[in-house]
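In this note's numbering, the protein residues as written are 7 to 226.
Structure, rendered in structure tokens:
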């Protein structure tokens, strides 16, 4: 017959063995969860394509320097173009034409479980964006400025932070107060001097240029 001391020692050993198994299972679960989260939100990088004129980049924590064709840009990178200068960026399945006298930031570029998500902040200037969705995947692309946010899923558009011109597809234009309008193919919408999102209107390229000028004058 086991003594009390032997039974007590046996219980302690069994408890330690059980706790060890629980810890191992917890560790396996934690590592699995981390790997799944990382796989769902894998950081991506933008690639610099064709450059023209003076184009500079500022990587996170670094100084401004001249951009180089073919280099990779992580999230948090700033891009700046001078007069008569431009840059073409490829972000996964999207293309960004950074037009002259523009400064923008790659806020976030990630591969999610359902597709890709790109967030760009436009400080000043103008971008032409072409978003091509991949089969069986979602493509979320957002351009924000101090006055508006344009969100798309597979489309082509021009945006200068105030005026939105949609070439094809549908773009959501939203102001800081949350007013939102959907702008469709060959339509223009912009942020008025009162800060409201104007009703989308069908225009040709000549009319669109006039609206851009008019909106810029209202913002002054």
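By construction, the Cβ of each residue, glycine as well, lies at the ideal position given by its N, Cα and C atoms.
Open item on the list: With H, G and I counted as helix, E and B as strand and the rest as coil, what does DSSP make of residue 208?
Closed with: strand
TODO: Go through its chain and collect everything with a Cβ distance to residue 135's Cβ below 6 Å, but skip five positions before and after it.
DONE: 102 and 163
TODO: Please report how far the alpha carbon of residue 113 lies from the alpha carbon of residue 87, in whole angstroms.
DONE: 18 Å
Task: Three-way DSSP call (helix, strand, coil) for residue 224 in this model - done: Here the model assigns residue 224 a pLDDT of 48, short of 50, so the residue's position is not dependable and the matter cannot be decided.
TODO: Give the straight-line distance between the Cα atoms of residue 206 and residue 189, rounded to the nearest whole angstrom.
DONE: 6 Å
- [ ] Could you tell me whether the Cβ atoms of residue 155 and residue 175 are closer together than 7 Å?
- [x] no
Open item on the list: Beta-carbon within less than 7 Å of residue 208's beta-carbon, same chain only, minus the 5 sequence neighbours each way: which residues are those?
Closed with: 192 and 193
Task: Cα-Cα separation between residue 138 and residue 121, rounded to whole angstroms - done: 12 Å
Open item on the list: Rounding to the nearest angstrom, what Cα-Cα distance links residue 167 and residue 197 in this structure?
Closed with: 9 Å
Task: Same chain, Cβ closer than 6 Å to residue 81, five either side skipped, listed in chain order - done: 112, 114 and 115
Task: CA-to-CA distance, residue 185 to residue 150, given in whole angstroms - done: 14 Å
Open item on the list: Within the continuous beta strand (DSSP E) that includes residue 103, where are the two ends?
Closed with: 100 to 104
Open item on the list: Let me check understanding here. Comparing Cα to Cα, which of 153, 69, 177 and 132 lies closest to residue 199?
Closed with: 153
TODO: Excluding the 5 residues preceding and the 5 following residue 83 in the sequence, name in chain order all residues of the same chain whose CB lies nearer than 8 Å to its CB.
DONE: 52, 63, 64, 65, 66, 111 and 112
Task: Length of the line joining the Cα atoms of residue 172 and residue 91 - done: 23 Å
- [ ] Report the rounded CA-to-CA distance for residue 94 versus residue 133, giving the unit in angstroms.
- [x] 10 Å
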